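S.K.:
There are 2 protein chains.
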Amino acid sequence: MLEAKIDELLKKNHLSITGGRRRILELFLQQEGALSHSDIEKKAGEKFDRVTVYRTLQVFLEKGLIHSIPTSDNSIRYALCKDDCSGGQHRDDHVHFICNTCGSTVCLEDVSVPPIKLPRGYVSEQVEMLVSGVCKSCNLLLP
Amino acid sequence: MLEAKIDELLKKNHLSITGGRRRILELFLQQEGALSHSDIEKKAGEKFDRVTVYRTLQVFLEKGLIHSIPTSDNSIRYALCKDDCSGGQHRDDHVHFICNTCGSTVCLEDVSVPPIKLPRGYVSEQVEMLVSGVCKSCNLLLP
DNA sequence: TGTGAAATTACAACAATGTTGCAAATAATT
DNA sequence: AATTATTTGCAACATTGTTGTAATTTCACA
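As structure tokens, then:
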């Protein structure tokens, strides 16, 4: 059951269970791929205040339920984290793919970010790799 | 002379030479590192309308004078392209570094983005690599 | 060097996005 | 079930981004 999973996720992260959080988590679970703030606002319908969406995403981020994916168009996407990165310590060392055709953003969980060597003096704390191009589904629709 | 270089850059990219474009290019040339829209708006002073800054950045992007750097905080940064990527065809295959201490964003021209293998079906058109951590200058100020 | 066409700019008005404080409503705890 | 702590909705506001239009500026060419 989806609902059970949702409540479990919330409990596991020490969050009280509310309608808004349930709904937003549901959106993430239903949908393969990442969501932007406005995606969520639209899909959640008129039921929730914009402010609630902002605050919910912020809390989910802090708790490590979701991670954010930078973009070049000022519309940060959010995606669910895998089980093993809850508890504040993230381990989203995977590559993100943005499709230029359908606009979807997905986590390529199986592709990990390769190590890189920085110039002397620089210390790396986090690495993000963003690939854009044509995704699997869109490719199938072409010649 | 800086001014000569600026005008040359504009001419090379088939852009008419105006005060606004000169000023913005000057900012990029003076400053090592990337600038956000609001950086530019502040530094350019009261002299230019916000809209002019938007449109100028857009034109510079189209012409390949600058490239954009995605971020996780909804404030896209822009940086000058190297000479060899004008003419529409970009070649910014370098890594970008964002300092969590001083907030500056720089192009690590010497660090190129490693090749990666995508799952079957995905076609890569562009790859962006973003490293965040502590930059060279900030490191020197620490124990 | 002056003049007209084309491009660029400022201004205004607006739309969208993000933030904050506070009172009302809801969830958790006993 | 009552109390407390948390969350939500609302309002008001700040910031960021967009569009149309008139006025200015640049450029090309005589």
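Those protein sequences? They're chains L and A, same order as listed. According to our numbering, the residues represented by the first sequence are 1 to 143, in order. According to our numbering, the residues represented by the second sequence are 1001 to 1143, in order. We put the beta carbon where it would ideally sit given N, CA and C, even for glycine. Just so it is clear, the structure is predicted and the values come from calculations on it, not from any experiment.
Kindly list, in the order they appear in chain A, the residues whose Cβ is closer than 9 Å to that of V53 of chain L.
M.R.: As a working mapping, residue 53 of chain L is identified with position 53 in the first sequence. Correct list: empty, because the minimum Cβ distance to chain A is about 15 Å.
S.K.: Please list the partners that K1136 of chain A has in chain L, where partner means a Cβ-to-Cβ separation under 7 Å.
M.R.: The count along the second sequence starts at 1 and reaches residue 1136 of chain A at position 136. Per Cβ cutoff of 7 Å: G121, Y122.
S.K.: With R1077 of chain A as the anchor, note down where its beta strand (DSSP E) starts and where it stops.
M.R.: Taking the first residue of the second sequence as position 1, residue 1077 of chain A is located at position 77. That run of the beta strand (DSSP E) goes 1077-1080.
S.K.: Examine the Cβ distances between the stretch 1118-1134 of chain A and the stretch 118-128 of chain L and report whether three or more of them are shorter than 8 Å.
M.R.: yes
S.K.: If we define contact as Cβ-Cβ less than 8 Å, is L1130 of chain A a contact residue for chain L?
M.R.: Here residue 1130 of chain A is taken as the residue at index 130 of the second sequence, counted from 1. Interface residue, yes.
S.K.: Beta strand (DSSP E) containing V1127 of chain A: first to last residue?
M.R.: Locating residue 1127 of chain A in the second sequence gives position 127, counting from the first residue. It spans 1123-1134 - the beta strand (DSSP E) in which V1127 of chain A sits, taken as one unbroken run.
S.K.: Answer with yes or no whether the minimum CB distance from D1110 of chain A to chain L is below 8 Å.
M.R.: Locating residue 1110 of chain A in the second sequence gives position 110, where the first residue counts as 1. By this cut-off, D1110 of chain A is an interface position.
S.K.: For the candidate residues L:M1, L:R77, L:P115, L:T52, whose alpha-carbon lies nearest to that of I19 of chain L?
M.R.: The count along the first sequence starts at 1 and reaches residue 19 of chain L at position 19. Note on residue identity: the sequence assigns Gly, not Ile, to residue 19 of chain L. Nearest option by C-alpha distance: L:T52.
S.K.: Taking the DSSP output, what are the residues bridged to T71 of chain L?
M.R.: Within the first sequence, residue 71 of chain L is the residue found at index 71, counting from 1. DSSP, once it has assigned bridges, lists A:T1071 as partnering T71 of chain L.
S.K.: Which residues in the same chain have their Cβ closer than 8 Å to the Cβ of I6 of chain L, if we skip the five residues on either side of it in sequence?
M.R.: Looking up residue 6 of chain L in the first sequence gives position 6. Here the set comprises R22, L25, E26, L29.
S.K.: Name the chain A residues whose beta carbon is nearer than 9 Å to that of E125 of chain L?
M.R.: Start at 1 with the first residue of the first sequence, and residue 125 of chain L comes out as number 125. Simply N1100, V1131, S1132, G1133, V1134.
S.K.: Are there 16 or more other CB atoms within 10 angstroms of the CB of S1038 of chain A, so buried, or fewer, so exposed?
M.R.: For this step, residue 1038 of chain A is matched to residue 38 along the second sequence. Exposed: under 16 other Cβ atoms inside 10 Å.
S.K.: What do you get for M1129 of chain A, buried or exposed, if any count of 16 or more other CB atoms within 10 angstroms of its CB means buried?
M.R.: If you number the second sequence from 1, residue 1129 of chain A lands on position 129. M1129 of chain A should be labelled buried.
S.K.: Which residue comes first and which comes last in the beta strand (DSSP E) that contains S1112 of chain A?
M.R.: If you number the second sequence from 1, residue 1112 of chain A lands on position 112. From DSSP, the beta strand (DSSP E) with S1112 of chain A extends over 1105-1112.
S.K.: H94 of chain L and C81 of chain L look like a contact to me (Cβ under 8 Å); what is the Cβ gap, rounded to whole Å?
M.R.: Indexing the first sequence from 1 puts residue 94 of chain L at position 94. Indexing the first sequence from 1 puts residue 81 of chain L at position 81. With 8 Å as the limit, H94 of chain L and C81 of chain L do not qualify as a contact, their Cβ atoms being about 10 Å apart.
S.K.: Step through the CB atoms of chain L and report whether any lies within less than 8 Å of the CB of T1056 of chain A.
M.R.: For this step, residue 1056 of chain A is matched to residue 56 along the second sequence. No, its Cβ sits nowhere closer than 8 Å to a Cβ of chain L.
S.K.: If distances are taken between C-alpha atoms only, which option among L:S75, L:S137, L:L118 comes closest to T101 of chain L?
M.R.: As a first step, residue 101 of chain L is located in the first sequence; it is residue number 101 there, counting from the start. It is L:S137.
S.K.: Pop quiz: I116 of chain L and V1111 of chain A are said to be a contact at Cβ under 8 Å. What is the actual Cβ separation, rounded to whole angstroms?
M.R.: In the first sequence, counting from the first residue as 1, residue 116 of chain L sits at position 116. In the second sequence, counting from the first residue as 1, residue 1111 of chain A sits at position 111. Yes, I116 of chain L and V1111 of chain A are in contact; Cβ-Cβ is about 6 Å, under 8 Å.
S.K.: For my contact list, S1072 of chain A and I66 of chain L are in at a C-beta cut-off of 8 Å; report their separation, rounded to the angstrom.
M.R.: Within the second sequence, the letter at position 72 stands for residue 1072 of chain A. Within the first sequence, the letter at position 66 stands for residue 66 of chain L. With 8 Å as the limit, S1072 of chain A and I66 of chain L do not qualify as a contact, their Cβ atoms being about 12 Å apart.
S.K.: Applying a beta-carbon distance threshold of less than 7 Å, which residues of chain A neighbour V95 of chain L?
M.R.: By one-based count along the first sequence, residue 95 of chain L stands at place 95. Chain A residues near V95 of chain L: I1116.
S.K.: Could you check what DSSP says for S967 of chain A in three-state terms: helix, strand or coil?
M.R.: No statement about residue 967 of chain A is possible, as the shown extent of chain A runs from 1001 to 1143 and does not include it.
S.K.: State the Cα-Cα distance for the pair R10 of chain L and L1035 of chain A, rounded to the nearest angstrom.
M.R.: Along the first sequence, read from residue 1 onward, the residue named residue 10 of chain L stands at position 10. Along the second sequence, read from residue 1 onward, the residue named residue 1035 of chain A stands at position 35. Per the sequence shown, residue 10 of chain L should be read as Leu rather than Arg. Those two C-alpha atoms are separated by around 39 Å.
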